[in-house]
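Student:
Residue numbers (the working numbering): 47 to 305.
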């Protein structure tokens, strides 16, 4: 087996969801092995005997306390294991390995699921080099922009476990295609993002501001300075929400739309 092959285990009884997962991976150009478990016994057997996955896609709708505990223990024991945790609003959340767990709360769309898969695949095997979804070239470019936004945030060290990460990853592609959304930002961009995640514009604004502050506090100057200021210092040069989004959106627009 090649070292860059991504081993994936899907725990779900939803055949349509499992088929869609496989279709998305086939359409990408990553190398992967995938297994499907529908019961607790199958999940345990795969984890213990048959497979050492790098990614577990876990649907809590079909699991119970024992499968949840099994998953949490596995994540705690293996710091190279990532997880896409699909859940209802009222379900118990995973609290371990937050930097390696992506939570998707129902209902979520295909694009959001592709983004989650791409973020993990990017870490493990170089990412999706192409998503061949149905539609014309414009649709493919838009899909690539959506995925690349999260990839870029990860590259510059934005904490992935914070809710502001999802808000930023959603906001940046919107501004790539419509820069006017930044003016006035609270009444337009924040409102669109808030509607998608069923929250308020104020909550979106605060979460984005907080995650930018946290990113600067981490003092990852080497990753940040090429984008914002080669002479930057974390406390003095932290950009506003508008500037942060605008700079990254301009960069992506130049890369994807102005070729």
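Glycine residues also receive a C-beta, built at the ideal position from the N, C-alpha and C atoms.
The structure displayed is predicted, hence computed values, not measured ones.
State buried or exposed for residue 133, treating a residue as buried only when at least 16 other CB atoms are found within 10 Å of its CB.
Tutor: So residue 133 ends up on the buried side.
Student: Measure the alpha-carbon distance for residue 224 versus residue 214 and round it to whole angstroms.
Tutor: Near 15 Å, if we compare the C-alpha coordinates of residue 214 and residue 224.
Student: Buried or exposed: which applies to residue 244, given that a residue is buried once 16 or more other Cβ atoms fall within 10 Å of its Cβ?
Tutor: Under this definition residue 244 is an exposed residue.
Student: Run through DSSP, which three-state label would residue 81 get?
Tutor: Residue 81: strand per DSSP, three-state reduction.
Student: Could you say if the region 293-303 and the region 194-207 meet the contact criterion of at least three C-beta pairs nearer than 8 Å?
Tutor: Enough Cβ pairs lie closer than 8 Å, so yes.
Student: Could you spell out the range, first to last residue, of the alpha helix (DSSP H) harbouring residue 218?
Tutor: Start and end: 209-223.
Student: DSSP three-state call for residue 60: helix, strand or coil?
Tutor: Residue 60: coil per DSSP, three-state reduction.
Student: Whole angstroms are fine: how far does the CA of residue 240 sit from the CA of residue 67?
Tutor: In a straight line, the C-alpha of residue 67 is about 27 Å away from that of residue 240.
Student: Within 10 angstroms of the Cβ of residue 303, are there 16 or more other Cβ atoms? Answer buried if so, exposed if not.
Tutor: Counting Cβ neighbours within 10 Å, residue 303 comes out exposed, since fewer than 16 surround it.
Student: Tell me where the alpha helix (DSSP H) around residue 115 begins and ends.
Tutor: That run of the alpha helix (DSSP H) goes 111-123.
Student: On the DSSP letters alone, give me the boundaries of the alpha helix (DSSP H) that residue 237 sits inside.
Tutor: Residues 235-242.
Student: Below 8 Å on the Cβ atoms is my guess for residue 52 versus residue 78; work out the distance and round it to an integer in Å.
Tutor: That belief holds up - the Cβ atoms of residue 52 and residue 78 are roughly 4 Å apart, short of 8 Å.
Student: If you check the beta carbons only, do residue 191 and residue 222 fall under 8 Å apart?
Tutor: Yes, they are a contact pair.
Student: Look up residue 202 in the DSSP assignment and say whether it is helix, strand or coil.
Tutor: Coil at residue 202, not helix or strand.
Student: Assuming residue 292 is part of the alpha helix (DSSP H), what are its boundary residues?
Tutor: 287-302 is the extent of the alpha helix (DSSP H) around residue 292.
Student: Please list, in chain order, all residues of the same chain as residue 246 whose beta carbon is under 6 Å from its beta carbon, the five residues on each side excluded.
Tutor: Cβ neighbours of residue 246 beyond the five flanking positions: 240.
Student: Between the C-alpha atoms of residue 286 and residue 255, what's the straight-line distance to the nearest angstrom?
Tutor: Going by the C-alpha atoms only, they are around 7 Å apart.
Student: Would you mind sorting residue 126 into buried or exposed? The rule is 16 or more other CB atoms within 10 Å of its CB.
Tutor: With fewer than 16 Cβ atoms within 10 Å of its Cβ, residue 126 is classed as exposed.
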